[in-house]
Every structure is written in structure tokens, then in C-alpha cells.
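In terms of this note's numbering, the sequence shown opens at residue 3 and continues consecutively.
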Amino acid sequence: MKDPHTPIHHAAADGYKDAADTYVRGRPDYPPALDQWLRDSLGLRAGQVVVDLGAGTGKFTGRLLATGARVIAVEPVAQMLARLAASHPQAEALSGNATAIPLADASVDALVCAQAFHWFASREALSEIARVLKPGGRLGLVWNLRDARVPWVQRLDRIVNALEGDTPRYYTGAWRQAFPHPSFTPLQEQHFGNGHSGAPEQVIFDRVRSTSFIAALPQAARAQIDRQIAALIDEEPELRGKSLVTVPYETAAFCAQKIR
């Protein structure tokens, strides 16, 4: 294991430390079909040990616990780790990051990065992940992405993406440059439909506010984003005047196996 104090990206360090509650409210859950994927593709069941790497507030941790496996959640942002520990006391919550996982060599059966791998996508991180996986262990990568095939979602994404700066994002595909890696088989990919239903304040406003680089902005800039979103909602017949809306998502799931 390397230095556990390896710095994390400034957008994550600045944005997530004060946004844990907003993250919990605004982030969508994962589709039921993913439960079968966890069992079939990652082999999760009672008696297995799985790491939730970059676990955040534990949004995915509960899904892993439901498989019956022993779950170890690893997260570098202290405020998010505290929220996770309070919400999921059954999981072992550890401070650490993708290049300094606080576990012994060949000690876990699977490792999952949900909504996280783009932050640390590198050969160094994959080598560290391979170190803690047992021979034949499974790596899972999962992301929820708004379905930009829907016109109003495209408009919302344009508002958000204009402010991303150098923040790593899943949709750019830059994370794929970490592959191929000599310790892993090629990625196997599946996609599942998903939706996030609720009040616009929760599923649209809070979702945007929970975005790392938005949360890190000064208050005046965040207020301007709120005004842009309010204008979008007022202009879109699907959203205007609605107390309950559904934001369409697609969930992408990737699996690779550690080569013996």
C-alpha cells in the first residue's frame, strides 16, 4: 500500500466535503436489474468480501450489503465517510484512496467503484486494485448517467457541463485510457434503464448541486445555476408546474477479472 495521503482531485476535495447531505438527496438509486448483475458478473454472495472503493456517502454500499457479502467501504473524503458509517454500520468504513487501499495483498474477492472510477482512472490505481484482489477476483465499475437522448436533459447537461473545467467525468470516456491493463481481462459491458422520480427540488436541483464542481463554486455562482435550471423547468412542458418528475438515466456496468 502506498501513501494514504495521496491528494485527491480538487473538485472532489472542495465540492464533496460540504455536500454530503445534498449528495444523498439528489443522487439517483440504481436499477433492480443491477442486483442480478452483482450476483452473476461479480459473484457476490455470503462468504465473499467486496470493497466499495470511492464509496462516498454509501449510495451503493447498501446494494452490496444486500448480496450477503462482507462489505469494506473505502473513501478519502472524511465528511462523506462519516455519513456512510452512520448510514451503514454493517459495513467496515475505512479512510483510503485508489492508490492507497488500506488492505492486505490478495485479501478480497471483488472490488466495485460506483460513480467513482473516473476520479482515479489510471494504471497505478488498477495495479493497486489488482494488489488487493485475490487471483480471479472481479472488478466492477458502475455509473448512472442522465439520458441525454431526451431533449430537456440535453439542455440540463449543457448548463452543467459548461462549468466542469478539468474535472474528470464519465461521459468523456477518458477513463477508458486506463485499459487494457496487464492484470485484468477486457471489460465486459452492460447497460440498464433507470429513472429518478421525485420533486424537482430533489431530482433536478439537488442532483446538480451535488455535482462536485458545482458544489465547489461560490454561493453567487451556485445561485446563478439555480436560476438557469428554474428557467429551463419553466420553459419545458414536461417539467413546468409539475410537483413530481422523472429524470431518465442509463446505468452502465462494467466487469473485468483479475488474471491469475
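Glycine is no exception: its CB is placed at the ideal position from the N, C-alpha and C atoms.
How would you write the range of the alpha helix (DSSP H) that residue i sits in, first residue to last?
{"i": "serine 129", "result": "125-134"}
{"i": "valine 161", "result": "It is worth fixing the name first, because residue 161 is isoleucine in this sequence and not valine. Element bounds for isoleucine 161: 153-163."}
{"i": "arginine 224", "result": "221-237"}
{"i": "leucine 67", "result": "63-67"}
{"i": "glutamine 190", "result": "Counting along the chain, glutamine 190 falls outside any alpha helix (DSSP H), though it belongs to the beta strand (DSSP E) covering 190-200."}
{"i": "alanine 35", "result": "35-42"}
{"i": "phenylalanine 122", "result": "119-122"}
Going along the chain, which residues of its own chain have a beta-carbon closer than 7 angstroms to the beta-carbon of residue i, five neighbours each way excluded?
{"i": "leucine 67", "result": "Val73, His90, Gln92 and Ala93"}
{"i": "aspartate 228", "result": "Phe207"}
{"i": "tyrosine 172", "result": "His120, Trp145 and Leu147"}
{"i": "alanine 223", "result": "none"}
{"i": "glutamate 237", "result": "none"}
{"i": "serine 129", "result": "Ser185"}
{"i": "arginine 242", "result": "Ile235 and Asp236"}
Report whether the distance from the Cβ of residue i to the nearest heavy atom of the ligand GTP is below 8 angstroms.
{"i": "alanine 232", "result": "Questions concerning the ligand GTP fall outside what the structure shown contains, since it holds no ligand whatsoever."}
Return the first residue and the last residue of the beta strand (DSSP E) that residue i is part of.
{"i": "glutamine 92", "result": "Note, glutamine 92: premise wrong, no beta strand (DSSP E); not H, not E."}
{"i": "leucine 55", "result": "51-55"}
Please look up how many angstroms separate the CB atoms of residue i and residue j, rounded, as I've assumed it's under 8 angstroms.
{"i": "glutamine 347", "j": "valine 144", "result": "Missing from the structure shown is residue 347; the chain here goes from 3 to 262 and no further."}
{"i": "glutamine 190", "j": "phenylalanine 256", "result": "7 angstroms"}
For residue i, I'd like the list of residues in its chain whose CB is within less than 8 angstroms of its CB, leaving aside the five on either flank, ordered along the chain.
{"i": "valine 110", "result": "Val51, Val52, Val53, Ile74, Val134, Leu135, Lys136 and Gly139"}
{"i": "glycine 45", "result": "Asp111, Ala112 and Arg140"}
{"i": "leucine 158", "result": "Arg148, Ile206, Val210, Ile231 and Leu234"}
{"i": "proline 188", "result": "Phe181, Pro182 and Ala258"}
{"i": "serine 43", "result": "Arg140, Gly142, Gln190, Gln192, Ala255 and Cys257"}
Identify the residues that DSSP records as bridge partners of residue i: which are they?
{"i": "tyrosine 172", "result": "Paired residues: none, contrary to the question."}
{"i": "arginine 140", "result": "Ala112 and Gln259"}
{"i": "valine 210", "result": "Looking at the DSSP assignment, valine 210 forms no beta bridge with any residue, so it has no partner."}
{"i": "isoleucine 74", "result": "Val53 and Glu94"}
Can you list, in chain order, the residues of its chain whose CB lies under 6 angstroms from that of residue i, leaving out five sequence neighbours each side?
{"i": "proline 33", "result": "Phe194, Asn196 and Thr253"}
{"i": "alanine 127", "result": "Ala100 and Thr101"}
{"i": "alanine 95", "result": "Ala75, Leu83, Leu86 and Ala87"}
{"i": "alanine 48", "result": "Gly70"}
Check whether chain B comes within 9 angstroms of residue i, counting only Cβ atoms and requiring the distance to be less than that.
{"i": "arginine 209", "result": "Protein chains in the displayed structure number just one, and chain B is not present."}
Could you say if the stretch 237-247 and the stretch 197-213 meet the contact criterion of at least three C-beta pairs nearer than 8 angstroms?
yes
Evaluate the contact criterion for the stretch 150-167 versus the stretch 34-43: three or more CB pairs, one atom per stretch, below 8 angstroms.
no
Would the stretch 53-63 count as touching the stretch 214-233 if we require 3 or more Cβ pairs under 8 angstroms?
no
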